[in-house]
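Take the sequence shown: its letters are residues 3 to 442, numbered as in this note's numbering. Right, one structure below, let's go through it.
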Amino acid sequence: MTVDWSRFQRPLPTWFADAKFGIFVHWGAYSVPAWAEPTGELGTVDEHTWFRHNAYAEWYWNTIRIDDSPARKHHLETYGDAPYDDFLDAWRAEEFDPGAWCDLFARAGARYVVPTTKHHDGIALWDAPGTATRNTVHRGPRRDLVGELARAAREAGLRFGVYYSGGLDWSVTPHLPAIDTFAGVRALRPNDAAYAAYAYLHVRDLIDRYRPDVLWNDIEWPEAGKHDGALGLAELFRYFYETVPDGVVNDRWGDTHWDFRTSEYQHALAAETAPAWENNRGIGLSFGYNQVEDSRHLMDGPRLVRHLVDVVSRGGNLLLNVGPTASGAIPDGQRRPLEELAAWMAAHSGVVHGSRPLDGAVATASDEPWVRWTRTSDRAWAVVDAHGRVVLPARADRLELGSAALADGAPVAAHVDPAGVAVELPGPSGMPVAVGFDVR
Ligand code: GLC
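Here you go:
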């Protein structure tokens, strides 16, 4: 049966285009062992290295099933042959304070939060239909983690989305070989009608309970569910938009429908040329908390600001992942850059939120010095990671040089230079600084 997916096409809701920044949360039973090799960024590591030495701690259950993988060795040494589900019972979430999380996310400038509601391990973070007791309401934390976070997010003025792994569910395919290639991700996913109905009822339940603003599916939707009838994906999209008219869906449902494309670290960068896109990545090299990571792997505040502004300057949103510990604490190595971002945002929100890319005929990006541009209704903004006299690659005749000022309004001296526009910037502050101009 072919479905006409184009009927779901619609203008991108302004809230999503204006938001620019969201927080992804990967939290699960895998946050108990919290162990992976910090191999590299997805998209920069060849696939045979990637799966055996998987940098994603949320893939723990798969990685420990690969013969001779260092994760398997670590697991045997630390936990003997304990089954994975022991981690569900050991996960207590005793320090989980969703209000405090959302306060930090909002201060950092996030406008939406997207937690995992069921990752590849199949454990639901709410009382999901058909999961019996294999969820966080009946075991482990004994809380509706999705519901608590949804409420806190909205109280903090944030939109709320749900990540759902429709493509992989290792609890319904427990006897398949471990995945060790990208082709294996496609080949070893459940595609039958029973699983398609199970996944449909999960996402439908998420819509009914939490009215998510974003449906963020992962990997792909099961083949048997890509139809127009009862329990089909078309019906799911129809029901979602009926319930949440300004909701958005991502692009990981297969070749069906999406409101925005996604890139992940350095993978699928072609998505970043689409009209609407979102880059997602961890602060380090993993989504789930990885206790092995240290400052060599984690972005610091300035790097985080540069990454966010780079994405925004090219018209994307950043969905930055936080991986809490099993107790629900946000580890210092992740909290620190978020606090640095929050301090920067307090002065620079107006350069980021609601902005659009600046016309390349007015000014262009450069890496030496580091310069990126955004455009708000009345200003062109150069975000610059340099201080003192800096030459911006810009057309001096297109900018009102007399209007040059920092984000707080302090005037900046600007002059025509053979290579563009020379400005005198304060610093060093250790952080990028923004200078705005009226556009001619
Ligand atoms: C991938 C990974 C997964 C992570 C996700 C985030 O598909 O399998 O662990 O949740 O991307 O984009």
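For glycine and all other residues, C-beta sits at the position ideal for the given N, C-alpha and C. No experiment lies behind these values; they were computed from the predicted model shown.
In the DSSP output, what is residue i paired with across the bridge?
| i | result |
| --- | --- |
| Leu408 | Val437 |
| Lys120 | Ala126 and Tyr166 |
| Pro1 | A query on residue 1 cannot be resolved here, the shown segment of the chain reaching from 3 to 442 and no further. |
| Ser368 | Val373 |
| Phe23 | Leu320 |
| Arg161 | Tyr114 |
| His417 | Ala424 |
| Asp387 | Trp372 |
| Gly284 | Asn323 |
| Arg2 | Because the chain in this structure spans residues 3 to 442, residue 2 falls outside the shown range and cannot be described. |
| Trp218 | Tyr165 |
| Asn137 | Ala126 |
| Glu402 | Asp440 |
| Val393 | Ala424 |
| Val250 | Val216 |
To which residues of the same chain is residue i closer than 6 Å at the C-beta, ignoring the five residues directly before and after it?
| i | result |
| --- | --- |
| His50 | none |
| Thr378 | Ser357 |
| Phe18 | Val250 |
| Ser405 | Phe439 and Asp440 |
| Thr133 | Ala126 |
| Ser167 | Lys120, His121, His122 and Asp220 |
| Arg74 | Ile66 |
| Asn281 | Ser265, Val313, Gly318 and Leu320 |
| His417 | Ala424 |
| Trp372 | Asp387 |
Going by alpha carbons, who is nearest to residue i out of the options?
| i | options | result |
| --- | --- | --- |
| Pro13 | Asn292, Val314, Ile285 and Gly249 | Gly249 |
| Arg145 | Arg442, Gly30, Leu427 and Asp230 | Gly30 |
| His350 | Asn323, Asn64 and Ala112 | Ala112 |
| Arg156 | Val324, Cys104, Val435 and Ala73 | Cys104 |
| Arg254 | Glu225, Tyr241 and Ala199 | Glu225 |
| Gly438 | Gly429, Ala424, Pro428 and Val385 | Val385 |
| Gly169 | Glu222, Pro214, Arg283 and Phe10 | Glu222 |
| Asp419 | Asp123, Asp369, Ala189 and Leu401 | Leu401 |
| Trp93 | Arg374, Glu370 and Ala328 | Ala328 |
| Arg240 | Thr264, Arg263, Tyr267 and Ile209 | Ile209 |
| Leu321 | Gly284, Leu340, Val354 and Tyr291 | Gly284 |
| Thr118 | Phe98, Leu217 and Arg141 | Leu217 |
| His229 | Thr245, Asp194 and Tyr243 | Asp194 |
| Ala278 | Pro15, Ala158 and Thr4 | Pro15 |
| His177 | Asp99, Ala84, Leu271 and Trp63 | Trp63 |
| Asp171 | Ala154, Asp182 and Leu190 | Leu190 |
| Ala276 | Val353, Gln268 and Thr264 | Thr264 |
| Leu324 | Val393, Ile25, Ala36 and Pro430 | Per the sequence presented here, residue 324 reads as Val, with Leu not at that position. Comparing Cα positions, the closest option is Ile25. |
| Tyr32 | Asp91, Arg374 and Ile68 | Asp91 |
| Ser431 | Ala365, Ala382, Glu342 and Trp52 | Glu342 |
| Ala367 | Gly422, His28, Arg381 and Leu340 | Gly422 |
| Pro247 | His269, Gly227, Gln268 and Pro214 | Pro214 |
| His121 | Trp61, Ala199 and Asn292 | Trp61 |
| Arg442 | Gln11, Ala38 and Val364 | Val364 |
| Val164 | Val205, Gly227 and Asp69 | Val205 |
| Val34 | Glu370, Gln268 and Glu96 | Glu96 |
| Ala154 | Pro143, Tyr114, Gly142 and Thr175 | Tyr114 |
| Pro304 | Pro434, Arg9 and Pro143 | Pro434 |
| Phe89 | Asp369, Gly142, Asp296 and Leu147 | Gly142 |
| Tyr243 | Thr4, Gln11 and Val5 | Gln11 |
| Asp296 | Trp37, Tyr86, Ala398 and Tyr202 | Trp37 |
| Asp380 | Asp399, Gly352 and Arg374 | Gly352 |
| Gln268 | Val5, Trp7, Glu43 and Lys22 | Glu43 |
| Pro72 | His55, Trp383 and Leu203 | His55 |
For residue i, I'd like the list of residues in its chain whose CB is within less than 7 Å of its CB, leaving aside the five on either flank, ordered along the chain.
| i | result |
| --- | --- |
| His299 | Pro40, Gly286 and Leu287 |
| Ala152 | Phe162 and Tyr212 |
| Val47 | Thr41 |
| Phe184 | Glu49 |
| Asp20 | His355 and Gly356 |
| Arg316 | Glu274 and Pro359 |
| Thr245 | Ile209 and Arg213 |
Keeping to the same chain, check which residues put their C-beta closer than 8 Å to that of residue i; ignore five residues upstream and five downstream.
| i | result |
| --- | --- |
| Asn137 | Ile125, Ala126, Leu127, Trp128, Asp129 and Ala130 |
| Val414 | Ala406, Ala407, Leu408, Val425, Glu426, Leu427 and Val437 |
| Val187 | Gly169, Leu170, Ile181 and Ile221 |
| Ser173 | Asp123, Gly124, Ile125 and Arg136 |
| Leu271 | Gly45 and Ser265 |
| Arg337 | Leu106 |
| Glu150 | Phe98 and Pro100 |
Can you determine whether any heavy atom of the ligand GDP sits closer than 8 Å to the C-beta of residue i, and answer yes or no?
| i | result |
| --- | --- |
| Trp29 | For the structure depicted, the ligand GDP is absent and the ligand set comprises only the ligand GLC. |
### Message
Counting beta carbon pairs with one atom in the segment 354-361 and one in the segment 403-422, are three or more of them shorter than 8 Å?
### Response
no
### Message
If contact is defined by three or more beta carbon pairs under 8 Å, each pair taking one atom from either stretch, is the segment 249-269 in contact with the segment 215-235?
### Response
yes
### Message
Does the structure place the segment 310-321 close enough to the segment 75-82 that three or more beta carbon pairs sit under 8 Å?
### Response
no
### Message
Three Cβ pairs or more, each shorter than 8 Å: is that satisfied between the segment 389-403 and the segment 327-334?
### Response
no
### Query
Does the segment 341-349 come close enough to the segment 106-126 that 3 or more CB-CB pairs lie under 8 Å?
yes
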